[in-house]
Amino acid sequence: MQKILIPTDFSENAWNAIDYAMQLFRNKRCAFYLLNTYTPVIPSSRFMAKMIDGVRIVDAVRENSERGLNKTVDKIKAKYGNPNHSFETISSFNLLVEEVKDIVDTFGIHLVITGTKGASGVDEVFMGSNTVRIIKSTKKCPILAIPYHFDYMTPTEIAFATDFNRFYTTSELEPILEMAKMFNATVRIVHVQYGIKALTELQQFNLNMLRRYLNGVEHYVHTVSELNSVSHTLERFSKELGIHLLAMLNYQHSYMEKMTREPIIKRTAFHTQIPLLVIPELGMEGVSAKVKEEEKARSYN
Numbered sequence: 001m002q003k004i005l006i007p008t009d010f011s012e013n014a015w016n017a018i019d020y021a022m023q024l025f026r027n028k029r030c031a032f033y034l035l036n037t038y039t040p041v042i043p044s045s046r047f048m049a050k051m052i053d054g055v056r057i058v059d060a061v062r063e064n065s066e067r068g069l070n071k072t073v074d075k076i077k078a079k080y081g082n083p084n085h086s087f088e089t090i091s092s093f094n095l096l097v098e099e100v101k102d103i104v105d106t107f108g109i110h111l112v113i114t115g116t117k118g119a120s121g122v123d124e125v126f127m128g129s130n131t132v133r134i135i136k137s138t139k140k141c142p143i144l145a146i147p148y149h150f151d152y153m154t155p156t157e158i159a160f161a162t163d164f165n166r167f168y169t170t171s172e173l174e175p176i177l178e179m180a181k182m183f184n185a186t187v188r189i190v191h192v193q194y195g196i197k198a199l200t201e202l203q204q205f206n207l208n209m210l211r212r213y214l215n216g217v218e219h220y221v222h223t224v225s226e227l228n229s230v231s232h233t234l235e236r237f238s239k240e241l242g243i244h245l246l247a248m249l250n251y252q253h254s255y256m257e258k259m260t261r262e263p264i265i266k267r268t269a270f271h272t273q274i275p276l277l278v279i280p281e282l283g284m285e286g287v288s289a290k291v292k293e294e295e296k297a298r299s300y301n
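Residues in the sequence shown are numbered consecutively from 1, following the UniProt record's numbering.
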């Protein structure tokens, strides 16, 4: 059973992410954990005697949070009524990013699905500050970011953006492989280059290994020239090829890291118009000894 965490603030944006998740996993047995965090402003100092007022405020906000979560579950069940899906609600007096990390660890979450705010202001042009913080801080499972107002489409065209400079583990590629097999999707490996040039020996080795992992999945390799920024290039590529889902690994010097570091003026073109699957760097230390041996053996075959 898949364990999926969906943070919500009860906004239309958050519901859109929930709606996408219900359709994406409609044929899978899933346990969904719906999370709402709250940090009420208490008007009196914690050192003052009037804490009874503070307690009442916290209780009221908690009750509102729990009521909102129960209404959300009722809404999901009324719309979908899927017997494959079960729901747990978590209402927490905590910061969102910290609570997401704790829940991922505590419940062994396989995937976090979150809505993105879109371009509501200069600081929100990329994906929304909360989404970026969750991506940067969550190291143990993938994050699927769903754009605001994105209407669900079955992801039969998946792009995997990579520069081939890093070896891929089976654990890191598993979310892409699982998605591709679940929807009989085509995987388009896209390599963004600043000036087209031949791959190095290391890049070629990593590409060969990647294609070996994708054996049995229809896939193609696309090399594209950078158009003033990685984000703009991937945005254009996704539109031209009708991509339904863009996947990236998140590690030092990766495309994902470059995009979060790009100057605002350069990434204004990238509004995450399609769902973005961000896979954290697990590395060989995150893989069991058995898997290490299998990957080592595979590299010599």
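We treat Cβ as the ideally placed atom computed from N, Cα and C, and that holds for glycine.
query: Exposure label - SER105; buried when at least 16 CB within 10 Å; result: Residue identity check: residue 105 is Asp in the sequence provided, not Ser. Classification of ASP105: exposed, given that the 10 Å Cβ count is below 16.
query: Cβ-Cβ distance between LEU34 and VAL61 below 8 Å; result: no
query: Which residues DSSP lists as bridging VAL132, in chain order; result: Per DSSP, none; premise fails for VAL132.
query: Three-state secondary structure (DSSP) of GLN252; result: coil
query: Distance between LEU202 and PHE87 (C-alpha atoms, nearest Å); result: 45 Å
query: VAL104 in three-state terms, based on DSSP; result: helix
query: Buried or exposed (CB count within 10 angstroms, at least 16 for buried), ASP19; result: buried
query: Alpha carbon of TYR152 to alpha carbon of GLY242, nearest angstrom; result: 14 Å
query: Boundaries of the beta strand (DSSP E) in which ARG188 is found, first to last residue; result: 186 to 193
query: Residue span of the alpha helix (DSSP H) that contains ALA14, given as start and end; result: 12 to 24
query: Spatially closest choice to GLY68 from ILE134, PHE160 and ILE90, by CA coordinates; result: ILE90
query: Nearest-angstrom Cα separation, counted from ARG188 out to THR156; result: 11 Å
query: Contact check, HIS244 vs ILE158, beta carbons under 8 Å; result: yes
query: Residue from THR37, ALA21, PHE150 and ASP163 whose Cα sits closest to the Cα of LYS101; result: THR37
query: Sheet register partners of LEU277 (DSSP bridge); result: LEU144 and ALA247
query: Buried or exposed by the 16-neighbour rule on C-beta atoms within 10 Å, applied to THR8; result: buried
query: TYR168 (DSSP reduced to helix, strand or coil); result: coil
query: For ASN13 and GLY108, the rounded distance between their alpha carbons; result: 26 Å
query: CA-to-CA distance, SER65 to GLY216, given in whole angstroms; result: 46 Å
query: According to DSSP, residues forming a beta bridge with GLU178; result: DSSP, once it has assigned bridges, lists no residue as partnering GLU178.
query: Cutoff 7 Å; reference MET48; Cβ partners in own chain excluding five residues on either side; result: Any reading at MET48 is ruled out, since the residue's pLDDT is 47, under 50, leaving its predicted position unreliable.
query: Delimiting residues of the alpha helix (DSSP H) encompassing LYS239; result: 230 to 240
query: Inter-residue CB distance, ILE274 and PHE183 (contact presumed, cutoff 8 Å); result: Rounded, the Cβ-Cβ distance is 14 Å, inconsistent with contact.
query: Nearest-angstrom Cβ-Cβ length linking VAL173 and TYR220, presumed shorter than 8 Å; result: Reading off the sequence shown, one finds Leu at residue 173, where the question assumed Val. In fact, because the Cβ distance is near 16 Å, the residues do not count as touching under 8 Å.
query: Straight-line Cα distance separating ILE4 from VAL192; result: 31 Å
query: Between the CA atoms of GLN23 and LEU234 - distance to the nearest angstrom; result: 25 Å
query: DSSP state of GLY216 mapped onto helix, strand, coil; result: coil
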